[in-house]
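Trainee: Position one of the sequence shown corresponds to residue 175 (the numbering used here), numbered consecutively onward.
Just so it is clear, CB atoms sit at the ideal spot from N, CA and C, and this is done for glycine as well.
Quick one: structure below, then a few questions.
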Amino acid sequence: SGDEPLQLGEAADAVRLAAKNAGYDNRELLTVDAHFNWLEFLQAADAMSIFSEKKIIDLRLPSGKPGMEGSKALVSYCGRLPEDTLLLITAGKLDKSAKKTKWVTTLEKHGVAIQVWPLEGSDLLQWLDKRLQRRGLSTNKQGLSLIASRVEGNLLAANQEIEKLYVLYGEGTLSEEQITRVVADASRYDVFNLVNAALSGRVGRINKILNGVRHEGIAAPIVLWALTREIRSLISIQQQLGVGQPRNSVFMKHQVWDKRKKLVSHALTRLSRADLLAGLLVAAKTDRQIKGEEVGDCWESLLEISLMLAKE
């Protein structure tokens, strides 16, 4: 549980991976919202697989509050723990009073509770250092402080900045100048504003932002990375929604938070899978242009991708 989404998601991913390696091959995903029926949870717990396979009940509780009915259901579950079933609950931040409730204390008696916290100060610098190392990158303390000041404790933003650094420079030691060039927050023409403008279909703003990022020296590979990342995310979301997975849980998995839900939902109604795959083809061409392997202006191709995302 916790209100730091990157750590929360990665902790849950680690549990799911360990469970899969231990033979828990089946997974049932349940997302609790205002209309959730807790009987569905109890039925999932009681359901026996025809082949008696181990399974995970992946319960998402974004609010951190199951309500009276949910509290009773969770306590009841602990009273008759099913064999070969692992219950994984991912919850929002639990306040002091919630930690004393019966459903929380009962779960803690029968399992393990992991709480994640926002990182600050030396903890954040240490996290950034390890995250850079994952990508084969390193920098000095001043470089780490530059990144930390840019992201202000937002680990999702920090991860995105590190991805941009990797895309632009590859593995190696980063100088303060290189970091400043990429993560400086001096511009309102941000690559993520470009993505949002494209998803909202604002053609005039697309041209303005793209001209702005080019004028300010933001490298073409970073713009391409942001656009390609969004296209792949939309394809994955479409696939998961297409097989009936709950929208809220799919959005949570892809880190589509409240501010962008309406924007992404609208884009999904406009863009078909064929549209998105066509965007990836242009992205591949753009990558070759950036590398000098194909003739053409990579910035014109970046505009083409943006306009493809903006189509009605």
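Which residues in the same chain as Lys267 place their Cβ atom closer than 7 Å to its Cβ, once the five residues preceding and following it in sequence are excluded?
Mentor: Ser175, Gly176, Asp177 and Gly238.
Trainee: May I ask you to report which of helix, strand or coil DSSP gives Ile392?
Mentor: coil
Trainee: What are the start and end residues of the alpha helix (DSSP H) that includes Arg201?
Mentor: Segment Tyr198 to Thr205 is the beta strand (DSSP E) holding Arg201; no alpha helix (DSSP H) there.
Trainee: If you drop the 5 nearest sequence neighbours on each side, which residues of the same chain put their C-beta closer than 7 Å to that of Lys465?
Mentor: Closer than 7 Å at the Cβ level, and outside the excluded window around Lys465, lies no residue.
Trainee: Please classify Asn370 as buried or exposed, where buried requires at least 16 neighbouring CB atoms within 10 angstroms.
Mentor: Asn370 is buried by the Cβ-count criterion.
Trainee: Are Glu404 and Ala452 touching if we call contact CB-CB under 9 Å?
Mentor: For Glu404 and Ala452, no; Cβs fall outside 9 Å.
Trainee: Out of curiosity, what's the CA-to-CA distance linking Arg444 and Phe215?
Mentor: 34 Å
Trainee: Among the residues of its own chain, which have a CB less than 6 Å from the CB of Val430, if the five just before and after it don't count?
Mentor: Val438
Trainee: Pop quiz: Thr259 and Ala196 are said to be a contact at Cβ under 8 Å. What is the actual Cβ separation, rounded to whole angstroms?
Mentor: That belief does not hold up - the Cβ atoms of Thr259 and Ala196 are roughly 12 Å apart, past 8 Å.
Trainee: With Ala221 as the anchor, note down where its beta strand (DSSP E) starts and where it stops.
Mentor: Counting along the chain, no beta strand (DSSP E) covers Ala221, and no H or E run does either.
Trainee: Can you tell me which residues form a DSSP beta bridge with Ala265?
Mentor: Leu235
Trainee: Which runs of the beta strand (DSSP E) spanning at least 3 residues fall entirely within the stretch 352-439, listed in chain order?
Mentor: none
Trainee: Using DSSP's beta-bridge definition, name the partner residues of Ser135.
Mentor: As displayed, the chain neither begins before 175 nor continues past 486, which places residue 135 out of reach and without an answer.
Trainee: Look at the alpha carbon of Trp212 and the alpha carbon of Arg447, and state the distance between them as a whole number of angstroms.
Mentor: 34 Å
Trainee: How many Å lie between Gln412 and Gly375 at the Cα?
Mentor: Looking at the backbone, the Cα of Gln412 and that of Gly375 are separated by about 19 Å.
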